[in-house]
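Trainee: In terms of my numbering, the sequence shown opens at residue 28 and continues consecutively.
Beta carbons are placed, not taken as given, at the ideal position from N, Cα and C, and that holds for glycine.
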Amino acid sequence: MNREWDQIRHKQRNLGYVDLVPPIVRGWKRYFILREDVAKSRYADFYQKILDKINTVQYSYRKDFKKKKRQRGKKIWVVQGQRLAELEEYLFKKEKFTEKEAALFEEKYVAMGQGNYKKLVKVFVFKEPWRFVLRVRPNLITKVKAVDLELEKRSAEISDYLDWNGMRGRFNRLIHGSEHNGWGRYGTKKWQNKNPAKYQFTQQSLQQLLDEEWYNQ
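(1) Mapping the DSSP letters down to three states, classify N41 as helix, strand or coil.
(2) Going by DSSP in three states, R181 sits in which element: helix, strand or coil?
(3) Quick check: the stretch 150-158 against the stretch 97-108, are there 3 or more CB pairs under 8 Å?
(4) Rounded to a whole number of angstroms, what is the C-alpha to C-alpha distance between R40 and E31?
(5) Does the beta-carbon of Y70 have 16 or more other beta-carbons within 10 angstroms, so that it is buried, or is it exposed?
(6) Should Y74 be labelled buried (16 or more other beta-carbon atoms within 10 Å of its own) or exposed?
(7) Can you tell me where the beta strand (DSSP E) with F92 in it begins and where it stops?
(8) DSSP state of F228, grouped into three classes?
(9) Check whether the stretch 43-55 and the stretch 160-170 are in contact - that is, three or more C-beta pairs closer than 8 Å.
(10) In chain order, what residues of the same chain lie with their CB nearer than 8 Å to the CB of F153, ignoring the 5 residues before and after it?
(11) In the DSSP assignment, find the unbroken alpha helix (DSSP H) run with Q107 in it and report its ends.
(12) Considering only the alpha carbon of each residue, which of S87, H37 and E126 lies closest to V7?
(13) Within a Cβ cutoff of 8 Å, which residues of the same chain sit near S182, ignoring the five residues on either side of it in sequence?
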């Protein structure tokens, strides 16, 4: 059953998208474009190719892209910052910049990670960010993920069966070597002890589960 669920999820991920008619607007998006004078210059194509590789996009339900920030005990509205992408070394090589394009980047070391896991990482930063400006446009949704109702129904049935019988953590430990299941409680002793009879399946081997629950159906 766990294998069937994986197969169903794989099919769901590969259903593709369908056109949304009519399209809908959901909030706003903000991204970089060439500054007007750069766009009109003979170097427009050159800088556009660079921008295509380092552009970033942000989304917000507010057109002004403001968010609340606590300052001196009070919450104030501030505009969210946005920068061009700073590429790590492997990403920089992956983009295959020409020699002329690469000359416009400089190497810097920035701290990445949290707490005791911070480390200095080399990144490549564009030296002339002033050539680009931010543009805000409505976030137009033109496509949505295709849905197969039969797959959705069967996926929900299997998911509920595994969760409510306390079997998901057991499956994960037997198959993947870990009881982690994304919910943080199913498959743990604390959860199972609430009703031991209900979770009798968690003490069985994978082969026993398959024999008793599916092969005999």
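Mentor: According to the structure data:
(1) Coil.
(2) Residue state, collapsed to three classes: helix.
(3) Under the Cβ criterion (8 Å, minimum of three pairs), the stretch 150-158 does not count as touching the stretch 97-108.
(4) Their backbone Cα atoms lie some 14 Å apart in a straight line.
(5) Residue environment for Y70: exposed (fewer than 16 other C-beta atoms within 10 angstroms of its C-beta).
(6) A residue is called buried once 16 or more other Cβ atoms fall within 10 Å of its Cβ, and Y74 is buried on that count.
(7) Looking at the DSSP string, F92 is not in any beta strand (DSSP E), and its letter there is neither H nor E.
(8) In this prediction, F228 scores a pLDDT of 48, lower than 50, which makes its location untrustworthy; the coordinate-derived value is nonetheless stated afterwards. Taken through DSSP and simplified to helix, strand or coil, F228 comes out as helix.
(9) Yes, the stretch 43-55 is in contact with the stretch 160-170.
(10) The beta carbon of F153 sits closer than 8 Å to those of I77, I81, L111, L131 and F132, all from its chain and outside the five residues before and after it, given in chain order.
(11) That residue, Q107, is in no alpha helix (DSSP H); it is neither H nor E in DSSP.
(12) There is no way to answer for residue 7, as the model of the chain reaches only from 28 to 244.
(13) Residues W32, I35, R36 and Q39 of the same chain have their beta carbon placed closer than 8 Å to that of S182, with the five preceding and five following residues left out of the count.
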